[in-house]
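Only one structure is covered here, and it is reproduced in the block below.
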Amino acid sequence: KAGVTQTPRYLIKTRGQQVTLSCSPISGHRSVSWYQQTPGQGLQFLFEYFSETQRNKGNFPGRFSGRQFSNSRSEMNVSTLELGDSALYLCASSPGTSGLNNEQYFGPGTRLTVT
Amino acid sequence: GEDVEQSLFLSVREGDSSVINCTYTDSSSTYLYWYKQEPGAGLQLLTYIFSNMDMKQDQRLTVLLNKKDKHLSLRIADTQTGDSAIYFCAEFSRTGNQFYFGTGTSLTVIP
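Protein chains in written order, with our numbering: chain A, 1 to 115; chain B, 1001 to 1111.
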């Protein structure tokens, strides 16, 4: 099976702009989670989508949003970019079933730099 | 949120064993995970352990879980230079219904 893919891999934006990142999960996986990784804060959970519905959300401002399509592909959007949004954004997919083990498989990430 | 703590750095000689430690706070965690991140890459799932197990072995990797002390460790036998990476432990919190990751331990293997 192909792994989790994320596009683009690198992105440079200016403060105040908005950005959309894309994630294609492993075939058959219905859950997609997004994380922000920075040197200072480590990995922080943004949100999780399952069957096109946001199932869980971390503590990020409303500028961060996401959605999931019927084919399980997901996008996340950040509006009014700030310098502090510079980070590696990781997407993870999992089967998302009700079982207790929900091991996640990560994509390579999108490196966002805000100038 | 839940706290998952790891030491930041570990340095070992090639061929020695590495032990990476992790402590967590959420007693509702059912599965605990170890991930590896190489430079410029995403996280790779290495192994996981169910909370009612004490130990799990997978080739060179041994996971030990002390549920009473909420302590998890990853032992890498015969450490190789290719094992140099950042290692993250993670728990799935049933309380928070999300994953919590540790700060990551940067393992350096000296040839």
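The beta-carbon is built from N, C-alpha and C at its ideal position, and this holds for glycine as well.
Nearest in C-alpha terms to VAL4 (chain A), of all of A:ASP85, A:ARG30, A:SER79 and A:GLY84, is A:ARG30. Taking the CA atoms as reference points, THR1105 (chain B) sits about 10 Å from SER1011 (chain B).
Nearest to SER93 (chain A) by alpha-carbon distance, out of A:GLY58, A:MET76, A:SER72 and A:GLN37, is A:SER72. Contacts with chain B at 9 Å (Cβ-Cβ) include GLU103 (chain A).
Here GLN18 (chain A) has SER79 as same chain residues with Cβ atoms under 6 Å from its own Cβ, once five neighbours each way along the sequence are excluded. At a beta-carbon threshold of 7 Å, the residues of chain A lying near ASN1097 (chain B) are ASN56, ordered along the chain.
Here DSSP, grouped into helix, strand and coil, assigns ASP1058 (chain B) to strand. Between the C-alpha atoms of GLY28 (chain A) and SER51 (chain A) there is a straight-line separation of about 11 Å. Within the model, the alpha-carbon separation for GLN1037 (chain B) versus CYS23 (chain A) is close to 19 Å. GLY66 (chain A) sits in a strand when the DSSP states are folded into three classes. Proximity to ARG63 (chain A) across A:ARG55, A:SER70 and A:GLY84 peaks at A:GLY84, based on C-alpha coordinates.
Under the three-state reduction of DSSP, LEU1008 (chain B) is assigned to coil, being neither helix nor strand.
Under the Cβ criterion (8 Å, minimum of three pairs), the region 1076 to 1091 of chain B counts as touching the region 1052 to 1062 of chain B. Neighbours of PHE45 (chain A) in chain B, taken as residues whose beta carbon is under 7 Å from its own, are GLN1098 and PHE1099 in chain order. The three-state secondary structure of THR7 (chain A), taken from DSSP, is strand.
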